[in-house]
Amino acid sequence: MSEKLSHNDLWWSGPYWLHEKHLPNFNAFETPSFDNDETYISDSLSFASKVKSIAEFIPNFSSFSKLTRVLAYCFRFVHNVRSPSNKCSGRLTAAELVVTENLIIQLLKEKEFSVKIHMLSENEPLPRNSKLLYLKIFLDQFGIIRVGGRLSKHSTLNINQKHPMLLPKIHYLTRSVIKK
């Protein structure tokens, strides 16, 4: 194969018209004329597909950290496609991982606690029979439901230790986060 390519002029120098001073006019083809009396019907074809939510992919991962890394790379890919002048490469940064973790947890919360989130964002009181009433829950700056308590006043603990996130009682992701 390499022997054939070494003697092939087209391979080494390209098509003949590349060496001419004036390139051929490829737009000089005759355009067909259509009579005004005739009617032409244009057929079109549409495709529709069901786009899966990120939540549908969660059970496919064996651990929360693997899910976080895969989604962080997906978000990085989208970022690189949308802004090619400001591409990210190399290892994932801690900031990318934290943002992705927050997005995953926020997605889970919106699915499982949408009514509670709406009530908290509108400053509406929780129902008197709610089990969450005694936990003094609140929304943080990322929209994540957190548990309030006495540790918030004079503690040097980080926010995840002072105010743990509220996760659904029975969910695959809850087990993955606990294993982490």
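The sequence shown: position 7 = 7 (UniProt numbering), numbered continuously.
No residue lacks a Cβ here, since even glycine has one placed at the ideal position from N, Cα and C.
Model, not experiment: these values are computed from the prediction.
Report the partner residues of residue i according to the DSSP bridge assignment.
i, result
"Phe-138", "Arg-146"
"Met-165", "Arg-146"
Rounded to whole angstroms, what's the CA-CA distance from residue i to residue j? Just pull it up for me.
i, j, result
"Phe-142", "Gln-106", "8 Å"
"Val-115", "Met-165", "17 Å"
"Leu-157", "Ile-137", "18 Å"
"Glu-101", "Ser-85", "26 Å"
"Leu-126", "Asp-140", "17 Å"
"Leu-97", "Asn-129", "37 Å"
"Ser-83", "Leu-67", "24 Å"
"Arg-69", "Phe-77", "12 Å"
"Ala-72", "Glu-112", "22 Å"
"Lys-179", "Trp-11", "58 Å"
"residue 256", "Val-99", "There is no way to answer for residue 256, as the model of the chain reaches only from 1 to 180."
According to the Cβ coordinates, are residue i and residue j closer than 8 Å?
i, j, result
"Lys-109", "Ile-159", "no"
"Ser-176", "Ser-53", "no"
"Arg-146", "His-163", "yes"
"Cys-74", "Asn-80", "no"
"Gly-148", "Leu-135", "yes"
Once the 5 residues before and after residue i are set aside, which same chain residues still bring their CB inside 6 Å of it?
i, result
"Leu-167", "Thr-174"
"Phe-29", "Note that Phe-29 scores a pLDDT of 48, beneath 50, so its modelled location is shaky; the value from the coordinates is reported in the next line. None."
"Asn-123", "none"
Flag residue i as yes when its Cβ comes closer than 7 Å to any non-hydrogen atom of the ligand MG, and as no otherwise.
i, result
"Ala-95", "With respect to small molecules bound, the structure shown includes none, and the ligand MG cannot be examined in it."
In its own chain, which residues sit with a C-beta less than 7 Å from the C-beta of residue i, not counting the 5 before and 5 after it?
i, result
"Glu-3", "none"
"Ser-121", "Leu-139"
| In the stretch 46 to 90, which residue ranges form an unbroken beta strand (DSSP E) of at least 3 residues, counting only runs that do not cross its ends? | none
| query | Quick one: complete alpha helix (DSSP H) runs, 4+ long, within the stretch 96 to 121? | reply | The stretch 96 to 121 contains these whole alpha helix (DSSP H) runs: 114 to 121.
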